[in-house]
Structure formats: C-alpha cells, structure tokens
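Engineer: Just passing along the structure, written as structure tokens.
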Amino acid sequence: MKELKFSPTQATEYATRHDVLFYALTALVVLFTVLVGVAVLYLMIKYRASNKNVDRTKRIHHHLGIEIAWTVIPTILALIIFFWGLLLFKEVKTPDKDSSDIYVIGKQWMWQFQHPNGIRENNELHVPVGRPVKITMISQDVIHSLYIPQFRVQFYTLPGRYTSMHFTPNVVGKFNIFCSMHCGADHSKMGGYIHVLSPSDYTKWLENGGNRFSKNSESMIKSGLKTFAKNGCSNCHGGADTYRAPSLHGLIGRKRKMNDGRVVIADEAYIRESILTPYNNVVEGYEQIMPVYDLSEGEVLELVEYIKSLSRAPSMFEENEKVYKNTRNHVKNISNSGEINLEMRVDSGVSQSSVQQVQHVSEQN
Ligand code: HEC
Ligand SMILES: [Cu+2]
Numbered sequence: 045m046k047e048l049k050f051s052p053t054q055a056t057e058y059a060t061r062h063d064v065l066f067y068a069l070t071a072l073v074v075l076f077t078v079l080v081g082v083a084v085l086y087l088m089i090k091y092r093a094s095n096k097n098v099d100r101t102k103r104i105h106h107h108l109g110i111e112i113a114w115t116v117i118p119t120i121l122a123l124i125i126f127f128w129g130l131l132l133f134k135e136v137k138t139p140d141k142d143s144s145d146i147y148v149i150g151k152q153w154m155w156q157f158q159h160p161n162g163i164r165e166n167n168e169l170h171v172p173v174g175r176p177v178k179i180t181m182i183s184q185d186v187i188h189s190l191y192i193p194q195f196r197v198q199f200y201t202l203p204g205r206y207t208s209m210h211f212t213p214n215v216v217g218k219f220n221i222f223c224s225m226h227c228g229a230d231h232s233k234m235g236g237y238i239h240v241l242s243p244s245d246y247t248k249w250l251e252n253g254g255n256r257f258s259k260n261s262e263s264m265i266k267s268g269l270k271t272f273a274k275n276g277c278s279n280c281h282g283g284a285d286t287y288r289a290p291s292l293h294g295l296i297g298r299k300r301k302m303n304d305g306r307v308v309i310a311d312e313a314y315i316r317e318s319i320l321t322p323y324n325n326v327v328e329g330y331e332q333i334m335p336v337y338d339l340s341e342g343e344v345l346e347l348v349e350y351i352k353s354l355s356r357a358p359s360m361f362e363e364n365e366k367v368y369k370n371t372r373n374h375v376k377n378i379s380n381s382g383e384i385n386l387e388m389r390v391d392s393g394v395s396q397s398s399v400q401q402v403q404h405v406s407e408q409n
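Position one of the sequence shown corresponds to residue 45 (my numbering), numbered consecutively onward.
Shown next, in the form of structure tokens:
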C-alpha cells in the first residue's frame, strides 16, 4: 500500500465541488453527534442516582426558546444541504452543449466503449483532458452501473433504455472504471481504466488507430448510414417529409407530436424506441407502416449517431435540398396554372431523389 487515502484523487472540477459538499455534510454530522453526545454524557454523570449534591427541584418541562431553536436551526441546515446537493445534481445531469459523445454498452461482464469516429474499446476508454464528454449508455442484459470514482460520477445502465452522464476530466492520468451494481458471478471483474491524455498524446493515439482491435475503423456515422441503407430505412425516410414517412433530417432535439396527443422531445432514447418499437410512437399525420426491426444495441447506437448527424451536417443532403427546392418551385409554377395537385407532386419527387441520394452516399463508402 503506497498511501492510505481518505478519498480518491479528484480528477474533475466537479469532483472538487462534490467533495466540499461531502465534507460539509460530514462536518455537520460530526458536530451534532459530538454536541448531543457530550450533552448526554455530561447530564448522565451529573444527575446520576448516587450523586446527592445536585438540585433536582427545578425541573424544566417546557422551554419554547430551545424547542424553536432545535427545530428551526437543523431545518435550515438541512435545506441548505438539500439545495446545495440539488445544484450539484443539476450540474452533473446537464451536459455541455459542445461535449463529445461516447457510447457505452454494458454487458456481463465487460464495458464496450464506442467513439463516434468508429474506434471501439473494451474495458478501456481514452479521452483528452479538459474536453467535456457526454456518455450515452445502455445495458445488453441486466442492470449495471458505470462508476468512475476519481470523477465522482456514477449512473445505472439499464436494459432497453438509454441513460447518460457527463464529465470533464481536468487531470492527465489513468483512473478506474467499475461496475457498481452487483450484476452476477463476475461482477467484481467488470471494470477497467479510463486514460485521460494530453491533447498531443490524444492526437497521437487517434492517428495510431486508437486501439489494437482495428486500425482503420469506420466512423459510427458511416456504419450507421450502411445499416440505414441495408435495412431499407431509406426507402421511406428521405431528405424531406413525404406522405409516406417523416424526414429524419434535423430530428434530434425537435418536439414531436404523436397521434395519441403526446408531445415528446426527440432525444437518443426516442430515436431508439422509434426504431425498435415504432408502434409505441406513431408521429401525428402518419400511418403506422414502419416495420419492427430487430437490431443489436451496437447497430442501434450507430443508427442514432447517423440520424443525429443529419442535423449536424446537412451538407450530406445539400444536393438533395437543391432538388427539393427546384421541384417545389417547379411544381408551384405548374400548380399556379391549376394543372396538378401540389402536395402529391412535391412528395413523390423528393422521396425519389432522396432515396437515390442515400444510396449514392452509401455506395461511396
Ligand atoms: C415502410 C416505411 C418505413 C421504413 C422502411 C422505416 N420507417 Fe421509420 N418511420 C416510418 C413512418 C411512417 C414513421 C412515422 C410514423 C411512426 O412514427 O411510426 C417513421 C418514424 C420513424 C422515426 C421517428 C421520426 C419522427 O419524425 O419522429 C425514426 C427515428 C425512424 N422512423 C427511423 C427509422 C429507421 C432507422 C429505419 C430503418 C432501420 C426506418 N425508420 C425504416 C416509415 C418507415
Ligand atoms: Cu455489472
């Protein structure tokens, strides 16, 4: 044992703030324990039965001042701790806008990490120092919990549902990854290391293919696009809404109205559910014609990353947008002369071109 530490290294700024709250709470507990303990001991000894030298005639039955004090002061202290904790909780639950995504699949008994650029790692994760990271995670079997003690973050990975957490490491080094949910026989072996690298080391690591599994790994967006084309998603979903299916372009973060009246925000979990159980979320104005897909969690994550990219990098569909605009103007001109039904022509024209577009892109890769 090199050194005996009271708590693990603080490798994020959040860890420092987390510990201040923890120590404040500990100090309060110690303070009240000592206060009450000393008072009890003192009174116990002073008023022991064999002590005949104390005055027992002036017993106090009520003391409003003391009762108010011991009610109000602890209540205020408890509320301070509550709101302090609430603020920290909010902080750890709200990812930065510019954080980089890391996808995690927990399974008996290992952690699989996937970077958007396609690098996959098992039980190890490399991240650059000082950059916020958002983890989106899911379990393939039972409930696990991803725990990085030096970052003071921990959250469950659940089968069938995405959960997330985020952190910004600010110390270069090698830190622990644990599973903190008892998940079966080899639970204690389910862990690994997170390597926080300096920006130059991180670039070097990326250039060397990142890890030992595959050197020229394909980005998640590319694999997602392939999965998208392979499963025929592009037959219905194109660069613009059609009567057949809504466009997935710019979907992430948008409010979607369901045909049962619910309004949901299209986040990662919504996209996942739309793919695996389309009948649970039927978008208003559309028929429930989307087939049910049986894909692995890894494939679904790639599709999610691909669909997210459709809002971030519309350039992929720029060509298609042009076609859409041209078609629309063209159709407008004709329909002004009262010849055809505007909606139908726009829709069929665009869905055709967007299908070709998707196939075109996937062939390139
Ligand atoms: C036969 C046509 C069809 C195919 C094939 C299809 N979808 Fe859909 N999809 C739809 C329709 C129609 C909707 C809207 C109704 C609904 O939500 O079920 C939809 C909705 C969605 C939504 C929610 C969109 C929104 O606007 O809220 C996502 C995400 C989605 N599909 C992804 C996919 C993916 C990924 C694939 C391929 C694995 C796929 N779809 C294949 C027809 C299809
Ligand atoms: Cu586990």
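Positions of the beta carbon are idealized from the N, C-alpha and C atoms, including for glycine.
None of these values were measured; they are calculated from a predicted model.
What did DSSP end up calling Val-413 once you bin it into helix, strand or coil?
Structural biologist: No answer is possible for residue 413: the residues shown for the chain start at 45 and end at 409.
Engineer: If we count Cβ pairs, one from each stretch, closer than 8 Å, do we get three or more for the segment 148–161 versus the segment 187–199?
Structural biologist: Counting Cβ pairs under 8 Å, three or more are found: they touch.
Engineer: Which two residues bound the contiguous alpha helix (DSSP H) that contains Phe-127?
Structural biologist: The residue given as residue 127 occupies position 83 in the sequence shown. Note, Phe-127: alpha helix (DSSP H), 108–137.
Engineer: Looking at the structure shown, is Arg-164 part of a helix, part of a strand, or coil, going by DSSP?
Structural biologist: One-based indexing of the sequence shown puts residue 164 at position 120. Of the three classes helix, strand and coil, the one that applies to Arg-164 here is strand, per DSSP.
Engineer: Is Ile-104 helix, strand or coil by DSSP?
Structural biologist: As a first step, residue 104 is located in the sequence shown; it is residue number 60 there, counting from the start. The answer is coil: DSSP assigns Ile-104 none of H, G, I, E or B.
Engineer: Can you check whether the CB of Ile-146 is closer than 9 Å to the CB of Leu-132?
Structural biologist: Residue 132 sits at position 88 when you count from the first residue of the sequence shown. Residue 146 sits at position 102 when you count from the first residue of the sequence shown. No, the pair does not count as a contact, with Cβ atoms beyond the cut-off.
Engineer: Determine the closest residue to Cys-227 out of Gln-184, Gly-162, Thr-180, with distance taken between C-alpha atoms.
Structural biologist: As a position in the sequence shown, residue 227 is number 183, starting the count at 1. Ranking the options by Cα distance to Cys-227, first place goes to Gln-184.
Engineer: Between the alpha carbons of Arg-38 and Ser-51, how many angstroms are there, rounded?
Structural biologist: Lying before the first or after the last residue shown, residue 38 is absent from the chain, which here runs from 45 to 409.
Engineer: When the Cα atoms are used, what is the spatial distance from Pro-414 to Gly-268?
Structural biologist: In this structure the chain extends from 45 to 409, so residue 414 is not present and cannot be described.
Engineer: So, are the CB atoms of Thr-180 and Ser-144 less than 9 Å apart?
Structural biologist: Numbered from its first residue, the sequence shown carries residue 180 at position 136. Numbered from its first residue, the sequence shown carries residue 144 at position 100. Against a cut-off of 9 Å, the Cβ pair of Ser-144 and Thr-180 comes out as no contact.
Engineer: How big is the Cα-Cα spacing for Ile-265 and Gly-276?
Structural biologist: Working through the sequence shown from its first residue, we reach residue 265 at position 221. Working through the sequence shown from its first residue, we reach residue 276 at position 232. Cα to Cα, the separation comes out at about 16 Å.
Engineer: Considering Tyr-154, what are the terminal residues of the beta strand (DSSP E) in which it resides?
Structural biologist: Start at 1 with the first residue of the sequence shown, and residue 154 comes out as number 110. Residue 154 is actually Met in this sequence, not Tyr. Run containing Met-154: 154–158, per the beta strand (DSSP E) assignment.
Engineer: In angstroms with no decimal places, state the Cα-to-Cα distance between Asp-285 and Thr-201.
Structural biologist: Taking the sequence shown and counting its residues from 1, the one referred to as residue 285 is at position 241. Taking the sequence shown and counting its residues from 1, the one referred to as residue 201 is at position 157. About 34 Å.
Engineer: Just to confirm, is the Cβ distance from Ala-59 to Ile-125 under 9 Å?
Structural biologist: Counting from 1 along the sequence shown, the entry for residue 59 is found at position 15. Counting from 1 along the sequence shown, the entry for residue 125 is found at position 81. No; because the gap between Cβ atoms is not below 9 Å, this pair is not in contact.
Engineer: Going by DSSP in three states, Met-334 sits in which element: helix, strand or coil?
Structural biologist: As a working mapping, residue 334 is identified with position 290 in the sequence shown. Met-334 falls in the coil class under three-state DSSP.
Engineer: In angstroms with no decimal places, state the Cα-to-Cα distance between Met-225 and Val-215.
Structural biologist: Start at 1 with the first residue of the sequence shown, and residue 225 comes out as number 181. Start at 1 with the first residue of the sequence shown, and residue 215 comes out as number 171. Between Met-225 and Val-215, the C-alpha separation is close to 26 Å.
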